[in-house]
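To keep things clear, I will list the structure first and then write my remarks on it.
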Amino acid sequence: MINLDTITINSRPNIFSTTPQLSRANHWDHFLARLGYKRSQHCVEPGLYAIGNPSPDSPVFVTANYTLSFDALRSNLNGIDGYILVLDTNGVNVWCAAGKKTFSTEEIVLRVTATQLKKVVNRHVLILPQLGAPGVAAHEVKKRTGFKVEYGPVRATDLPEYLKTRQATSVMRQVNFPLRDRIILIPVDFVHLILPTVLAALVFYFFLGGLLPALAVLAVLFSAGILFPILLPWLPTHNFSTKGFFLGFLTALPFALSVFIRHPDWTWYHQAGQAFGFLLAMPAVVAFISLNFTGSTTFTSKTGVRREMFAYLPAMAWIFAAGIILNIAFAFIR
Amino acid sequence: MYNSYSVNTLAYNAELCNGCGMCVAVCPHAVFEMNERKAHLFQPLACMECGACQLNCVTGAITVESGVGCAAAMMRAALLGLPEAECSCG
Ligand code: SF4
Ligand code: SF4
Chain A
8 MINLDTITIN SRPNIFSTTP QLSRANHWDH FLARLGYKRS QHCVEPGLYA IGNPSPDSPV
68 FVTANYTLSF DALRSNLNGI DGYILVLDTN GVNVWCAAGK KTFSTEEIVL RVTATQLKKV
128 VNRHVLILPQ LGAPGVAAHE VKKRTGFKVE YGPVRATDLP EYLKTRQATS VMRQVNFPLR
188 DRIILIPVDF VHLILPTVLA ALVFYFFLGG LLPALAVLAV LFSAGILFPI LLPWLPTHNF
248 STKGFFLGFL TALPFALSVF IRHPDWTWYH QAGQAFGFLL AMPAVVAFIS LNFTGSTTFT
308 SKTGVRREMF AYLPAMAWIF AAGIILNIAF AFIR
Chain B
45 MYNSYSVNTL AYNAELCNGC GMCVAVCPHA VFEMNERKAH LFQPLACMEC GACQLNCVTG
105 AITVESGVGC AAAMMRAALL GLPEAECSCG
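Same order as they appear, the protein sequences are chains A and B.
According to this note's numbering, the first sequence is numbered sequentially starting from 8.
According to this note's numbering, the second sequence is numbered sequentially starting from 45.
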């Protein structure tokens, strides 16, 4: 609970101004934000902003103080006069902030009071992005500030259409996870995976079997980090782990086969041993990374993810261990 | 094939519903629909447990254990003994 008494309220509301135009600096900032570079530093100053030439009858839009959220909103308000109330979500986007309860009833009450919004507009309505709803109780906001909360569409691009009727169609209300969105997410996870992958590849290259296992490590990264998000809807089964096992198996097949081609002189159990090493270890790692992708998706429930973890994590660990032991053992028994 | 997403914690008590339509407005997965001035569960298994409907239902007709469906966050929580809500999504 934030203490409202500690906020000094000036006699005149302080209103920043903004425009719908995005500058080159804005685009560069979006690019870095998408890469996950300096994650928490893509912030906008919280408070009240005027866009266009608003009058006291203009609408008020609420958003998070993440630059991508703020810029998505204002760039879609071309030709619309209004106010933007920016909440302090620590530079986190609307949906995640609502989940963390920084985009919240509490924060709206605080911001409406601090900006003296009641003195600025006559119509006491706040248009919230629908994805703010997990953090906000509309009736509580009404009770505590007098402002009625209206949930607008999920995507800011639908705002102009929404403003014509103040009704969101069911399409505007639904979140999907199209290819474009899945591709945008690739770099964020990829950046985290690069260092461990390169280290593992070097260890395999110099100490544990040479080029082939090192390449296998890189293939796992490519498969789990890039192919999995792209292919997600088309991979068979419901669970991320089993989808990952499937993709990992396909990734491992060429490595397993190459053992027979590259080493026709080995005994059959030596060949089979190393081939099985790939067929076990690689899918297990791809499955594990795939399971972690649940955190980036827009539809997995906590209950489902927990059940999936209980069902598949132990198997992943055992299969991985078996595969690695086989691989290493046969790399040394020459 | 096993589907871990075949159950969830969403529960709806139609008797308490006043027909305000908020649950339909806030749900990102069209779990509810309005039918003769009452909410109906249209596709309960599409629920991702975001908690928006429960929070915005003034009559308390909906309950759901909300949380972030993020394996990494849950593993971190299990290993470090943290509360599970701490997701690192940004
Ligand atoms: S929000 Fe609650 S009261 Fe309103 S329609 Fe949905 S279930 Fe009924
Ligand atoms: S918890 Fe979220 S996804 Fe599930 S029914 Fe409620 S609003 Fe829809």
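Even glycine gets a Cβ: it sits at the ideal position worked out from N, Cα and C.
- For V68/B, same chain residues with a beta-carbon under 6 Å away, outside a window of 5 residues either side, are F76 and M78 in chain order.
- Under the three-state reduction of DSSP output, N79/B falls in the strand class.
- Remark: the C-beta of G95/B is in contact range of ligand 2, defined as less than 6 Å to any heavy atom.
- Taking 7 Å as the CB threshold, V108/B stays off the interface with chain A.
- Taking C-alpha positions only, Y44/A is separated from K82/B by approximately 47 Å.
- Comparing alpha carbon positions, the residue from R130/A, M289/A, C103/A and G330/A closest to G280/A is G330/A.
- For E52/A, the nearest beta carbon of chain B is not closer than 7 Å to its own beta carbon.
- Residues of chain A with a Cβ closer than 7 Å to the Cβ of C61/B do not exist, since the nearest Cβ in that chain sits about 15 Å away.
- Cβ contact annotation for A259/A (same chain, cutoff 7 Å, sequence separation greater than five): F285, L286, M289 and P290, in chain order.
- Using a CB distance cut-off of 7 Å, V75/B does not count as an interface residue toward chain A.
- As the crow flies, the alpha-carbon of L254/A is around 7 Å from that of S230/A.
- Closer than 6 Å to some heavy atom of ligand 2: that describes the Cβ of H73/B.
- For K126/A, the closest C-alpha among the options V93/A, S177/A, S82/A and S65/A is that of S65/A.
- Looking at the DSSP output, C50/A sits in a beta bridge with Y73/A.
- When the five nearest sequence neighbours on each side are left out, the beta carbons in the same chain lying within less than 8 Å of the beta carbon of T301/A are those of F247, T307, V312 and E315, in order along the chain.
- Fewer than three pairs of CB atoms, one per stretch, sit closer than 8 Å, so the segment 101-117 of chain A makes no contact with the segment 192-203 of chain A.
- Annotation: the continuous beta strand (DSSP E) that includes L135/A extends over V132 to L135.
- Cβ-Cβ distances below 7 Å link S76/A to T70, N100 and V101 in the same chain, with the five nearest sequence neighbours on each side left out; the list follows chain order.
- Taking a C-beta distance under 7 Å as the contact criterion, L215/A and I335/A qualify as a contact pair.
- E157/A sits in a strand when the DSSP states are folded into three classes.
- Burial state of M45/B is exposed, judged by a 10 Å Cβ sphere holding fewer than 16 other Cβ atoms.
- When distances are taken from the beta-carbon of C103/A to the heavy atoms of ligand 2, even the shortest one reaches 6 Å or more.
- Here the segment 26-41 of chain A makes no contact with the segment 104-112 of chain A; the two share fewer than three CB pairs at distances below 8 Å.
- Within the model, the alpha-carbon separation for Y56/A versus L135/A is close to 15 Å.
- Taken through DSSP and simplified to helix, strand or coil, F68/A comes out as strand.
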